[in-house]
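Report on one structure; see the data block that follows.
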Amino acid sequence: MSGSNLHPGLNLGARHGSAHEGAETVVFGFWIFLMSDLVIFGLVFASYLTVANPLGMAGGPGPADAFDLRSIFVQTMILLTSSLTFGFATLALRHEKGRTVIAGWLGVTLLLGLAFLTLELRDFAHMIEVGAVPQRSGFWSAFWGLVPLHGLHVALGCLWIAVMLAQMALLGLVPVVKTRLLRLGLFWHFLDLIWVAIFSIVYLGGLMP
Amino acid sequence: MSDPDHRSEARLYLAGFGLALTLTLVPFGLVHWGLMQGKALAITIAVLAVAQIVVHLRFFLHIDLSRQKREDLQLILFTVLLLGIMAFGTLWIMGNLATRM
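So the sequence lines, in the order shown, correspond to chains A and B.
Quick note: the first sequence, position 160, residue 160 per the working numbering, numbers continuous.
So the mapping is simple: the working numbering equals the position in the second sequence, first residue as 1, plus 209.
This is the structure we're talking about:
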């Protein structure tokens, strides 16, 4: 009984033998990294909130001039769907559905991640157009420190998916590849969690009537 | 072995997705159609965001209250405590300074 559910949280399952036991330490270690990342995000959120007021905007453009709720909604849907498709990739890994199925779900997740980044970059371009640049005010400095930090994480996540697809093709589903996929899954779901805070605080908070 | 089968696990992912989707659509709808205003809206958005984060933790990151999974949860709770002290402290001090200026 105790062996069948060794690892806290996401795991491979006992049928994976040594890879399942090996996942115990590395996945927990990755959780520690994620939590240090959470502290960074949290403090960047705190500095954003201290300047998210008329004084912080220094007479420059405000959220209503620069944000596009429709585009943010589409980005939110894309990222949420990508969390589900990554979940299916993890399930295919756990239940040994084969490399093709796992790679298929990872490929869909990668495309969704790239679509998210494309829309986000388009939004950033629009912000620059209306003069919402980091040097305009404390508010925009904090915004550009926060939201692109998440975007950078998503870009790195996309790169990581591409690397894992290559490793799956070259090395096959060896234990180290399996535990790396588990950690990539944690990373991806974690980014969606940060996005919930971003759309709630920055976008919905900024555009509130 | 007490491992659940593929189908029931997939159903859990879909349930989590459905809950998260609802918790996203409601605040976007409230802001888009201006159904609520001011403080009530801010509190509603905050509550829905926290609920959605819990849904993500439960269904996507598989953090729950069963005993052998406790260490992840304790790590998260401790980090949130530290973060709470630092982030809330920052907002408190800066807010206090702003009222004194």
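Don't be surprised by glycine CBs; every beta carbon is placed ideally from N, CA and C.
*Terminal residues of the continuous alpha helix (DSSP H) containing S71(A)?*
L69 to R94
*Residues of chain B with a CB under 7 angstroms from the CB of G157(A): which are they?*
By Cβ distance, chain B contributes nothing, its closest Cβ being about 14 angstroms from G157(A), past 7 angstroms.
*Measuring only between beta-carbons, confirm whether M210(B) sits less than 8 angstroms from chain A.*
Here M210(B) scores only 39 on pLDDT, less than 50, and its place in the model should not be relied on; the value that follows carries that caveat. Yes - at least one Cβ of chain A is within 8 angstroms of the one on M210(B).
*asked:* Please classify Q246(B) as buried or exposed, where buried requires at least 16 other C-beta atoms within 10 Å of its C-beta.
replied: exposed
_Residues from the segment 172-194 of chain A in contact with chain B, defined by Cβ distance under 8 angstroms_ = L186, H189, F190, D192 and L193
*Exposed or buried, which one is N305(B) when buried takes at least 16 other CB atoms within 10 Å?*
exposed
*Distance, Cα to Cα, V202(A) vs K248(B)?*
16 angstroms
*Go ahead and label P236(B) buried or exposed: buried means 16 or more other beta carbons lie within 10 angstroms of its beta carbon, across all protein chains shown.*
buried
*At a Cβ threshold of 8 angstroms, is G22(A) touching chain B?*
no
_Let me see if you follow: with CB-CB separation under 8 angstroms, is L270(B) close to chain A or not?_
yes
*Within 10 angstroms of the Cβ of W242(B), are there 16 or more other Cβ atoms? Answer buried if so, exposed if not.*
exposed
_List, in chain order, every chain B residue whose beta-carbon is nearer than 8 angstroms to that of F88(A)._
A219 and Y222
*Which residues of chain A have a Cβ atom closer than 8 angstroms to the Cβ of I254(B), listed in chain order?*
S200, L204, G205 and M208
_Unbroken alpha helix (DSSP H) run spanning S137(A), endpoints_ = Per DSSP, S137(A) belongs to no alpha helix (DSSP H) and is neither H nor E.
*Going straight from the alpha carbon of P134(A) to that of M303(B), what length do you get?*
21 angstroms
*Indicate whether G225(B) and F268(B) have their beta-carbon atoms separated by less than 8 angstroms.*
yes
*Within its chain, find whatever has a CB closer than 6 angstroms to the CB of L69(A); leave out the 5 residues flanking it on each side and keep chain order.*
L207
*Taking the C-alpha atoms as reference points, what is the distance between W301(B) and A46(A)?*
10 angstroms
*Just mark S211(B) as buried or exposed, buried being the case when its beta carbon has 16 or more other beta carbons within 10 Å.*
In this prediction, S211(B) scores a pLDDT of 48, lower than 50, which makes its location untrustworthy; the coordinate-derived value is nonetheless stated afterwards. Label assigned to S211(B): exposed.
*Note down, in chain order, each residue of its chain lying with its Cβ closer than 6 angstroms to the Cβ of H153(A), except the 5 sequence neighbours on either side.*
L191
_Checking 8 angstroms against the spacing of the C-beta atoms, do L112(A) and I161(A) come in under that value?_
no
*asked:* Against chain B, does L149(A) count as a neighbour if the rule is that its beta carbon must be under 8 angstroms from one of theirs?
replied: no
*Closest by C-alpha distance to S36(A), when choosing among T308(B), R309(B) and L284(B)*: L284(B)
*Since G98(A) is in the alpha helix (DSSP H), which residue starts that stretch and which ends it?*
That residue, G98(A), is in no alpha helix (DSSP H); it is neither H nor E in DSSP.
_Helix, strand or coil, according to DSSP, for V39(A) in the structure here?_
helix
_Supposed contact pair L119(A) and S71(A) - C-beta distance, whole angstroms, cut 8 angstroms_ = 6 angstroms
_Are the CB atoms of V177(A) and L171(A) within a distance shorter than 8 angstroms?_
yes
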